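Residues are numbered in my numbering as their position in the sequence shown, beginning at 1, plus a constant of 2. Notes follow the structure.
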Amino acid sequence: MDKFIIRGGNPLQGTIRVSGAKNSALPCMAAAILTEDEIILENIPDVRDIETERKLLASMGAEVDLGYGRAHHRTRIRCASLSDPVARYEIVKTMRASSLVLGPLLARTGMARVAMPGGCAIGGRPIDLHIKGLQAMGAEITQDHGYLEARAQRLKGARIVFDKITVTGTEDLLMAATLAEGETLMENCAREPEVSDLAALLVAMGAKIEGAGTSTIRIHGVERLHGARHRIYPDRIEAGTFLVAGAISGGDLTVAGCNPAHLSALICKLDEAGARCEIAADSIRVRCGGSLRAADISTEEYPGFPTDMQAQYMALATQADGVSQITENIFENRFMHVQELARMGANIRVDGRTATVRGKTPLSSAAVMASDLRASASLVLAALVADGETIVDRVYHIDRGYERIEEKLRGVGAQIRRIGNVFPQKQAVEPITA
Ligand code: EPZ
3 MDKFIIRGGN PLQGTIRVSG AKNSALPCMA AAILTEDEII LENIPDVRDI
53 ETERKLLASM GAEVDLGYGR AHHRTRIRCA SLSDPVARYE IVKTMRASSL
103 VLGPLLARTG MARVAMPGGC AIGGRPIDLH IKGLQAMGAE ITQDHGYLEA
153 RAQRLKGARI VFDKITVTGT EDLLMAATLA EGETLMENCA REPEVSDLAA
203 LLVAMGAKIE GAGTSTIRIH GVERLHGARH RIYPDRIEAG TFLVAGAISG
253 GDLTVAGCNP AHLSALICKL DEAGARCEIA ADSIRVRCGG SLRAADISTE
303 EYPGFPTDMQ AQYMALATQA DGVSQITENI FENRFMHVQE LARMGANIRV
353 DGRTATVRGK TPLSSAAVMA SDLRASASLV LAALVADGET IVDRVYHIDR
403 GYERIEEKLR GVGAQIRRIG NVFPQKQAVE PITA
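The following block contains the structure:
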């Protein structure tokens with residue numbers, strides 16, 4: 003298993019470029035199921051979850067060519083014949099977003115057999131709202147041996163009000179509704195930019211959708227959808243992670259190729275904490291010469307403070323003077339990074355859904371373990387400012403959603419390198435050359 007070796011202390015300087023959004027690319031790849039024509043997606047991130055989705059689609063009979071333009075981050079997908087509309091547990095257990103194929107498979111083929119995703123490090127991750135919505139559209143859904151089996155002659159438009167705001171639930175049902183008979187009205191929808199990104203692709207494929215990006219989405223079903231070419235939005239969470247990297251290291255960092263409008267909550271919070279952000283059309287420059295101030299956050303659905311930035315912000319809060327209250331409202335177990343940060347010297351106390359961070363505490367290097375995608379990012383950020391060399395283990399978690407993060411960070415002055423297959427006796431690490 004690969005590890006990162008990171009020597010702290012270098013302020014990050016220069017320009018770091020953002021890749022395409024993993025959480026847009028995954029539903030957009032699933033949308034290719036809705037047509038037998040070719041779909042071309044631009045700005046696809048070269049991350050592990052995309053490879054997992056490729057395997058999933060290919061296992062069902064789709065032709066997926068990530069290599070079609072790897073240098074240009076382009077992929078070509080054609081689901082002309084879906085010979086085996088089954089999402090197997092071996093794949094689904096590694097990526098719960100596989101449930102995104104449920105709605106499209108049902109809409110396109112009339113049946114779907116999808117392994118129940120199961121939980122993950124951050125929570126139970128149920129998909130009951132996906133199921134409830136599809137049943138409202140006429141699907142017959144049974145569960146056995148850990149699989150969901152869904153059948154529908156043709157889905158029918160329905161009125162759906164989500165009990166809770168769910169991003170992939172909104173996306174799954176949005177895709178299903180595009181081929182349903184009649185009109186579907188969905189309320190209490192997720193407003194994340196990735197929903198709007200998916201809707202833009204679906205409209206380019208011939209879908210009739212109004213209101214994507216708002217709480218109420220109206221879809222008029224059509225008989226079939228056709229091929230399209232679509233460019234994926236930039237990854238707002240990767241961009242936010244890099245902004246925190248610039249702030250925590252006391253640097254002067256420009257995050258390029260992002261959409262600042264997708265990052266308002268984080269930008270305001272960084273300004274409140276004393277890290278100045280200068281906004282341009284498709285970049286944000288963060289400078290943090292002086293000390294940081296404590297500031298509270300409470301994670302909310304978009305456009306509130308994103309849960310996917312909570313762990314990264316917590317690393318920053320350890321370097322802020324004062325007490326920061328961090329409340330996680332979206333997932334029930336998203337404080338896995340706390341123990342690891344504490345092992346580096348952070349002063350954090352968890353009480354239910356709130357973590358109280360007392361800063362500023364000097365962080366010292368340690369051997370730490372990544373547990374999930376964003377917790378891993380938090381440990382890398384802490385290591386950028388820790389005294390000495392930190393070893394971050396199990397970096398496959400970070401590779402799921404960040405494209406060669408160590409190369410990008412090294413390009414702006416971080417002392418970070420990846421080592422693989424290190425045996426215990428070889429643990430001794432040579433000093434990092436900058
Ligand atoms: C998406 O997950 C993202 N993943 C997550 O990003 C992100 O953290 C999350 O939205 C919240 O923004 C992708 O887009 C692939 P939810 P999703 O359904 O859709 C409950 C990352 O780090 N819920 O919006 O699975 C659920 O338990 C990942 O990139 C139900 O109860 O999240 C949670 O408490 C992690 N029943 C809340 O809703 C359901 O049927 C929000 O979950 C569905 C969800």
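The C-beta atom is built at its ideal place from N, Cα and C for all residues, glycine as well. None of the values given here were measured: they were computed from a predicted structure.
How far does the alpha helix (DSSP H) with residue 113 in it extend, from its first residue to its last?
Indexing the sequence shown from 1 puts residue 113 at position 111. Where residue 113 is concerned, there is no enclosing alpha helix (DSSP H), although the beta strand (DSSP E) it sits in stretches over 113-117.
Neighbourhood of residue 19 by C-beta, 6 Å cutoff - its chain only, sequence neighbours within 5 removed
Position 17 of the sequence shown holds residue 19. 258, 259.
Limits of the unbroken beta strand (DSSP E) element including residue 1
The requested residue 1 is not part of the displayed model; the chain covers only 3 to 436.
Please report the distance separating the alpha-carbon of residue 396 from that of residue 3.
Position 394 of the sequence shown, counting from 1, holds the residue named residue 396. Position 1 of the sequence shown, counting from 1, holds the residue named residue 3. Rounded to whole angstroms, residue 396 to residue 3 spans 6 Å at the Cα level.
Any heavy atom of ligand 1 within a distance shorter than 6 Å of the CB on residue 130?
On the sequence shown, residue 130 is found 128 positions in, with the first residue counted as 1. Residue 130: yes, Cβ under 6 Å from ligand 1.
Could you tell me the alpha carbon to alpha carbon distance between residue 145 and residue 217, rounded to whole angstroms?
To locate residue 145, count along the sequence shown from 1; it is residue 143. To locate residue 217, count along the sequence shown from 1; it is residue 215. One C-alpha to the other measures close to 30 Å.
Length of the line joining the Cα atoms of residue 224 and residue 64
Counted from its first residue, the sequence shown places residue 224 at position 222. Counted from its first residue, the sequence shown places residue 64 at position 62. So the two alpha carbons sit approximately 22 Å from each other.
When the Cβ atoms of the region 139-154 are set against those of the region 178-193, are three or more pairs found closer than 8 Å?
yes
Contact between the region 354-364 and the region 316-331: three or more CB pairs below 8 Å?
yes
Length at least 4, wholly inside the region 119-193: the alpha helix (DSSP H) runs in chain order
130-138, 169-179
What are the boundary residues of the alpha helix (DSSP H) that includes residue 271?
Here residue 271 is taken as the residue at index 269 of the sequence shown, counted from 1. Residues 266-275.
Indicate whether the contact test is met: 3 or more Cβ pairs, each with one atom in the region 10-17 and one in the region 36-45, closer than 8 Å.
no
DSSP has residue 2 in a bridge; who is on the other side?
Here the chain covers residues 3 to 436 and nothing more, so residue 2 does not appear.
Let me make sure I understand the geometry here. Which of 201, 104, 210, 242 has the alpha-carbon closest to that of residue 185?
Residue mapping note: residue 185 aligns to position 183 of the sequence shown, counting from 1. Residue 210 is the option with its Cα nearest to residue 185.
List, from N- to C-terminal side, the beta strand (DSSP E) runs of 3 residues or more that fit wholly inside the region 326-392.
349-353, 356-361, 369-371
Do residue 125 and residue 335 have their C-beta atoms within less than 7 Å of each other?
Sequence index remark: in the sequence shown, residue 125 carries index 123 (1-based). Sequence index remark: in the sequence shown, residue 335 carries index 333 (1-based). Yes, the Cβ-Cβ distance between residue 125 and residue 335 is below 7 Å.
When you measure from the CB of residue 465 to every non-hydrogen atom of ligand 1, does any distance come out below 6 Å?
Absent from the model: residue 465. The displayed extent of the chain is 3 to 436, so no value can be given.
Quick check on this structure: which residue in 368, 400, 401 has the alpha carbon closest to the alpha carbon of residue 389?
Start at 1 with the first residue of the sequence shown, and residue 389 comes out as number 387. It is 368 whose Cα lies nearest to the Cα of residue 389.
Give a yes or no on whether the C-beta atoms belonging to residue 46 and residue 77 are separated by under 7 Å.
If you number the sequence shown from 1, residue 46 lands on position 44. If you number the sequence shown from 1, residue 77 lands on position 75. Yes.
Could you check if residue 270 is buried or exposed, using at least 16 other CB atoms within 10 Å of its CB as the buried criterion?
The residue given as residue 270 occupies position 268 in the sequence shown. It counts as exposed.
Between the beta-carbon of residue 246 and the beta-carbon of residue 102, is there less than 7 Å?
In the sequence shown, counting from the first residue as 1, residue 246 sits at position 244. In the sequence shown, counting from the first residue as 1, residue 102 sits at position 100. No, the pair does not count as a contact, with Cβ atoms beyond the cut-off.
Going along the chain, which residues of its own chain have a beta-carbon closer than 8 Å to the beta-carbon of residue 312, five neighbours each way excluded?
Translated into the one-based positions of the sequence shown, residue 312 becomes position 310. Only 299, 301, 328, 330, 336, 376 meet the Cβ criterion.
Three-state secondary structure assigned by DSSP to residue 438
Not covered by the structure: residue 438. The range shown for the chain is 3 to 436.
In the DSSP output, which residue or residues are listed as bridge partners for residue 286?
Here residue 286 is taken as the residue at index 284 of the sequence shown, counted from 1. In the DSSP output, where bridge partners are listed per residue, residue 286 has 257, 281.
Which residue comes first and which comes last in the beta strand (DSSP E) that contains residue 46?
Residue 46 sits at position 44 when you count from the first residue of the sequence shown. No beta strand (DSSP E) contains residue 46, which DSSP labels as neither H nor E.
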